[in-house]
Structures are given as structure tokens and as C-alpha cells.
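With this note's numbering applied, the sequence shown corresponds to residues 64 to 633, in that order. Before any comments, here is the structure.
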Amino acid sequence: MTAGGRTLAGVGVGRGAVVGPVALVRAPAELPDDAPAVRDGAPAAADDVEQVVVDAFAAVAADLRARADRASGPLAEVLGATVLIASDPSLLAGARAELGAGAAPVAAVRAAVGRFIDMFTSMGGLMAERVTDLVSVRDRVVARVAGAPLPGVPDLAVPSVVVARDLAPADTAALDLGKVLAIVTELGGPTGHTAIIAGQLGLPCLVQVAGATALEDGTSVVVDARAGELRVDPSDDDVAEVADRARREAAFADDAAPGATSDGHPVDLLANIGTAADAERAAAADDARTVAGSGLFRTEVLFLDATTAPSVAQQTREYTAALTAFGDRKVVVRTLDAGADKPLAFATLPDEENPALGVRGYRIDRVHPQLLADQLEALAVAAAATGTRPWVMAPMVATPAEARALATAARAAGLEQVGVMVEVPAAALRAREILAEVDFVSIGTNDLAQYTMATDRLRGELADLLDPWQPAVLDLVAATARAGAEAGKPVGVCGESAGDPVMALALVGLGVTSLSMSLGSVPAVRFALRRHTRSRCVEIAQAALAASSAADARAAAVALLDEEVAALLA
64 MTAGGRTLAG VGVGRGAVVG PVALVRAPAE LPDDAPAVRD GAPAAADDVE QVVVDAFAAV
124 AADLRARADR ASGPLAEVLG ATVLIASDPS LLAGARAELG AGAAPVAAVR AAVGRFIDMF
184 TSMGGLMAER VTDLVSVRDR VVARVAGAPL PGVPDLAVPS VVVARDLAPA DTAALDLGKV
244 LAIVTELGGP TGHTAIIAGQ LGLPCLVQVA GATALEDGTS VVVDARAGEL RVDPSDDDVA
304 EVADRARREA AFADDAAPGA TSDGHPVDLL ANIGTAADAE RAAAADDART VAGSGLFRTE
364 VLFLDATTAP SVAQQTREYT AALTAFGDRK VVVRTLDAGA DKPLAFATLP DEENPALGVR
424 GYRIDRVHPQ LLADQLEALA VAAAATGTRP WVMAPMVATP AEARALATAA RAAGLEQVGV
484 MVEVPAAALR AREILAEVDF VSIGTNDLAQ YTMATDRLRG ELADLLDPWQ PAVLDLVAAT
544 ARAGAEAGKP VGVCGESAGD PVMALALVGL GVTSLSMSLG SVPAVRFALR RHTRSRCVEI
604 AQAALAASSA ADARAAAVAL LDEEVAALLA
């Protein structure tokens with residue numbers, strides 16, 4: 064703990080540290096049905112109650128309309144649809160009828176909206192998908208009526224540290240990323256959706272921070288992802304330390320040479336992206352010396368807020384923009400990775416008891432084959448339009464037969480470079496046979512750790528088992544890399560572990576040929592690689608493989624680091 068205040072512990076994602084004010088993402092207030100209506104901070108007079116309810120519906124609609132006007136793309140469409148619901152006169156008429164029958168104002172709103180929720184749910188299909196919007200409108204109107212804080216993601220007036228119990232994918236999509244300094248959650252895990260998106264955007268992130276939502280809006284905090292700490296009311300020394308660290312790490316960016324070890328062994332350093340805007344940001348960071356392209360284009364980001372599958376034309380526009388941004392640089396496009404912690408209204412199967420073990424990733428093709436067909440068609444059209452040769456891969460492939468089926472479909476669509484992700488032990492153990500069917504593989508260490516260690520990625524209290532330094536996980540990475548070397552085909556890593564400079568050295572020593580990470584992680588990884596020979600990377604990898612625990616594996620690697628690298632990065 065520092066002299067400035069108390070310290071809350073968490074699990075860090077990334078390496079960065081920032082200072083800023085807290086902006087709380089609020090859950091819906093727990094209000095009783097008989098909570099009074101409030102006007103100007105005081106209980107409303109009986110004659111004013113109905114007008115309070117009318118004003119609440121109008122205010123919610125106006126707020127959502129303003130957000131929709133500021134948004135773009137799928138988020139603007141989602142918010143626009145919610146505006147229509149909030150403005151629907153049937154909801155207000157129902158609430159007025161309930162008030163006329165003697166219901167309390169909060170109960171009246173809940174009853175009126177509840178009837179539509181039940182109706183839409185029973186209708187199924189697209190109507191059922193609007194239930195989430197109805198619930199959002201209900202909770203916002205109830206908060207306005209009762210004078211409670213509005214739920215959801217706040218409007219950020221200044222750059223802030225967003226603090227939440229947890230963030231759903233739609234919540235993350237609603238953030239004004241230009242004003243987000245860091246993300247802190249009480250729940251979640253280091254490889255969950257929020258952590259991945261934060262890493263992709265280069266934002267420091269802490270998960271599993273008990274007590275974070277008890278902080279008040281505006282409280283000054285330091286978020287230190289590398290240390291896994293949130294420091295409350297930091298001292299001047301704390302703030303100076305963060306600034307000094309930022310200056311030292313900024314020096315890494317001055318070395319913009321291609322990724323390689325100190326003796327010239329090449330290693331492609333690539334950026335993880337989720338949208339065309341991410342691609343443009345990564346490509347504009349510098350020329351090809353900064354990043355050699357993208358090793359993971361998470362296409363599901365295009366789908367997260369959609370109530371129906373994006374059309375081939377919509378996808379083609381997004382893929383064309385991303386490919387155009389990178390020009391002749393490598394772009395690896397991952398087909399839809401939905402399910403588990405990334406449910407989609409139009410693709411995820413209801414009532415899966417174990418969604419992480421169910422119909423997710425490539426397996427969605429079993430029940431919704433048109434989704435994959437449309438993606439491959441859109442990517443092929445974008446490739447032809449841009450004159451580029453994108454690589455395509457599918458997630459959650461477990462067998463050589465699945466790899467063969469994907470390769471057949473992708474090549475029939477006109478795509479030449481086809482691969483699969485190695486995320487389950489079966490794929491790693493049969494990597495030689497899988498590589499006989501495809502042109503490359505990419506290891507997703509987040510899911511590989513989850514399935515190897517039988518540990519749910521969303522259970523933050525089990526984060527130690529999800530550590531990519533677990534020797535069993537390293538064994539599977541090594542087996543996959545050996546199979547790639549024997550076949551003469553590339554083996555990349557696109558899990559977040561690729562952005563850890565120490566792990567990057569071990570991965571190169573295991574035989575990995577490319578590393579894809581958040582754009583902000585590239586300079587530190589390049590710095591580490593260019594100060595170690597390939598043979599030293601092999602020594603680091605062998606020392607880690609010989610360890611008996613994740614902590615021992617990392618310690619063994621750190622012991623072999625160049626002193627300058629160890630001082631700055633370990």
C-alpha cells in the first residue's frame with residue numbers, strides 16, 4: 064500500500080498503468096414496487112405522479128436518441144431500435160392505465176413494460192430478441208421515476224477509469240473509447256471478453272477487483288495492470304511513478320525495426336483487431352516495421368450487437384476496409400467465434416448447459432451453415448476487390464476432418480491460405496494430421512489453457528490455473544510447433560500471452576513463427592526479442608518446460624533474461 068491511500072488487488076491484463084477518475088457503470092437500482100415518484104429531489108405530489116412518469120419516458124427516449132446520434136455502425140442501429148421502443152406510446156399508455164387503477168408509479172411502469180416483455184418472449188424470433196431492449200428501457204424509466212442513478216454505461220465527460228461489476232459485450236461496445244483510460248471489473252477473468260477487448264484496444268485492465276464498485280464516481284485511482292493493483296487516492300509519488308514508467312516504456316517505440324531476435328531470426332509481430340477502425344489504427348501506427356499485419360481479425364465484433372446476421376454486402380464492406388488499411392501486409396481473418404461468453408441472438412443455441420463445451424466457433428456451422436458460407440463469400444469478394452490475399456482460419460476446430468471440411472469450403476470460395484486455430488488439446492495432439500489439411504495453424508492460448516486445465520475462463524478466482532505458463536499448456540504449444548516445423552508450415556500464437564515480452568521469448572524458443580497481440584504490446588515484445596538470440600530463446604523455453612508449476616516456469620524464464628530487459632519488463 065502506498066502513502067496515498069489503500070490498494071485493491073486484482074488480476075491484471077496487459078502491462079500499462081494510468082491515473083484517472085472513476086466512472087461507475089451502474090446496475091439497475093433495487094427499488095421496491097411502492098417506491099415514490101420523485102420530482103426535483105423530493106417525493107412528488109399526488110397530482111404530479113402521472114407527469115413524472117410521462118417525463119421519465121420522454122427523458123429516456125431523448126437520452127437514447129442523443130447516444131444514437133453520436134454512435135455509428137451497428138451500435139447506432141441498436142440504440143436507434145431502442146429509441147423506438149422507449150418512444151412507443153403503447154408503453155406510456157399502459158403505465159397510465161396502471162396508475163389509473165391505483166398502482167404505485169414504479170409498479171405501474173414495471174407492469175406495463177412487463178406485458179410487452181411477456182408478449183415479445185412468447186412470439187419468439189426477432190420479437191423475442193427485442194426483450195433486452197425492453198428491459199433496458201424499463202430499468203431506465205424506473206430510475207428516472209424514482210430519482211435513482213441511471214443504470215448502464217455512463218457518458219464520460221473526461222478521460223476516466225470505467226469501473227463495473229462486470230461488462231457485457233454490448234456494454235463494452237457502448238463505451239466512448241476515446242475517453243476510457245482503463246477498465247476495472249469485480250467479476251470476469253483475465254481471458255474473458257472484457258479483458259480481450261481491453262487488450263485489443265491497448266487499455267490497462269483489472270478483473271476480480273473486490274470492492275471496486277464501492278468507490279465513488281470521480282475518485283482518483285491508479286490502475287496498474289502489470290502489478291494487478293488499483294490504488295485509491297494516489298500520492299504524488301504514485302502519479303510520478305506512473306508518468307516515469309510511461310516515459311521509459313515509450314522508448315521501446317523508438318526501435319521500429321522488424322520483429323527478429325538479436326541474431327536475425329525473423330518473427331512476425333502482428334496486431335489483433337476487431338473492426339476496420341482497429342485495422343486503420345494499427346496500419347497507421349507506422350509502416351510495416353511497426354507491425355507486419357494482423358494475426359487475428361476477430362470478426363465476431365461485427366456481430367455482437369446485431370439482432371440478425373450481417374449481410375454479405377455489410378461484411379464485404381468491413382473486410383474490404385480492413386484489407387485496404389493493411390495493403391500487402393498479412394491479415395489473418397478468424398471466422399465467427401460466437402457462443403460461450405460471446406452469445407449472439409441469431410446464432411447461439413438456447414439452454415446449453417455447458418456453452419463453453421457446446422456449439423461455439425466452427426461448430427456453429429453444424430446448425431447455421433449459412434453464416435460461414437456468407438463469411439467466406441464476403442471475404443473472397445473483399446480480397447478480389449482489394450487485390451490482396453487474406454488468410455482465413457476457423458476457431459474451435461478439434462479434428463483433421465473438421466480442418467479438411469473448412470479448407471474445402473474456403474478454397475471453393477476462392478480463398479488460398481486456409482488454417483485453423485489450435486485451442487483444444489485434441490487439435491494440439493493431432494497437429495501433424497491437421498497441418499496435412501491446411502496451410503497454417505494459430506494457437507489461441509486463452510482457450511487452450513481453459514480446455515487443458517478444465518477451467519472456465521470466466522471464473523476469475525481460478526486465474527492461476529489459466530496461466531499460460533502452466534507446463535501442460537506449454538507442452539501442447541511445443542507439440543504444435545514441432546508439427547509445424549516438420550511440415551514446413553507457419554505456427555502462430557494469437558492469444559494474449561503473445562503480448563507478454565517474457566512469454567514471447569519462450570514461444571519463439573518453442574518454434575512459434577509469429578506473434579499477434581494488442582497493438583500497444585508490440586514495442587515491448589520487439590524490445591525483448593531484439594536483445595536475445597534465438598538460442599537463448601530456446602534455453603528459456605526449455606527451462607520453462609522443465610518447471611513443475613506456472614510460477615516456476617516464468618521464474619526460470621526470467622532468470623535467463625538479458626539484465627536490461629529484466630529490469631524494464633520482468
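We treat Cβ as the ideally placed atom computed from N, Cα and C, and that holds for glycine. None of these values were measured; they are calculated from a predicted model.
Rounded to whole angstroms, the gap between the alpha carbons of Val216 and Leu87 is 8 Å. Excluding its 5 nearest sequence neighbours in each direction, Asp97 has C-beta neighbours in its own chain below 8 Å: Ala167, Val169, Ala170, listed in chain order.
Secondary structure note for Ile246: its beta strand (DSSP E) is the uninterrupted segment 243–248. In the DSSP assignment, Leu71 forms a beta bridge with Leu293.
DSSP places Gln513 in the helix class (H, G or I) of the three-state scheme. The bridge partners DSSP lists for Asn335 are Leu359.
Distance between Val485 and Ala445, taken at the CA atoms: about 26 Å. In the structure shown, the three-state DSSP call for Val556 is strand.
Inter-residue distance for Asp301 and Asp287 is about 11 Å (C-alpha atoms, whole angstroms). DSSP places Val422 outside any beta strand (DSSP E), giving it a letter other than H or E.
No beta strand (DSSP E) of 3 residues or more sits fully in the stretch 139–178.
Going by C-alpha positions, Leu278 is about 11 Å away from Leu71. By the C-beta criterion, the stretch 206–224 is judged to be in contact with the stretch 80–94, since at least 3 inter-stretch pairs fall below 8 Å. Excluding five sequence positions before and after Gly252, the CB atoms of its chain that fall closer than 8 Å to its own CB belong to Val74, Ala258, Val270, Gln271, Asp519, Arg520, Leu521, Arg522, Gly523, Leu525, Ala526, Leu529, given in chain order. In the structure shown, Met459 adopts coil according to DSSP, grouped into three states. It is roughly 7 Å from the alpha-carbon of Glu479 to the alpha-carbon of Trp454. Within the DSSP secondary-structure output, Trp454 pairs in a beta bridge with Val395, Gln480.
By alpha-carbon distance to Gly482, the top candidate from Ala475, Ala470, Val205, Ala476 is Ala470.
Secondary structure note for Ser579: its beta strand (DSSP E) is the uninterrupted segment 577–580. Per the coordinates, the alpha-carbon of Ala443 lies some 6 Å from the alpha-carbon of Gly477. When the alpha-carbon of Val101 is set against those of Leu592, Arg207, Ser283, Phe366, the nearest one is in Arg207.
Contact annotation: the stretch 562–577 touches the stretch 327–342, with at least three C-beta pairs closer than 8 Å.
Three or more pairs of CB atoms, one per stretch, sit closer than 8 Å, so the stretch 599–618 contacts the stretch 537–547. With distances taken between CA atoms, Gly507 lies nearest to Cys557 out of Thr462, Glu549, Cys557.
As DSSP reads the structure, Arg89 sits in a beta bridge with Gly215. Gly583 is positioned such that its CB atom lies closer than 9 Å to that of Gly77. Burial state of Gln438 is buried, judged by a 10 Å Cβ sphere holding 16 or more other Cβ atoms. Going by beta carbons, Val395 and Ser581 fall outside the 9 Å limit. Assigned with DSSP and collapsed to three states, Ser598 falls in helix.
Straight through space, the alpha carbons of Ala472 and Asp202 are spaced by roughly 45 Å. Around the beta carbon of Gln378, a 10 Å sphere encloses 16 or more other beta carbons of the protein chains shown; the residue is thus reported as buried. Here Asp110 is exposed: its Cβ has fewer than 16 other Cβ atoms, across all protein chains shown, within 10 Å. Pairing Ala342 with Phe366 gives a Cβ-Cβ distance that is not under 9 Å. Check the Cα spacing between Gly83 and each of Pro463, Asp181, Ala245, Leu240: the tightest is with Ala245. In the DSSP annotation of this structure, Phe366 is not part of any beta strand (DSSP E), being labelled neither H nor E. The Cβ atoms of Gly358 and Ala340 lie no closer than 9 Å to each other.
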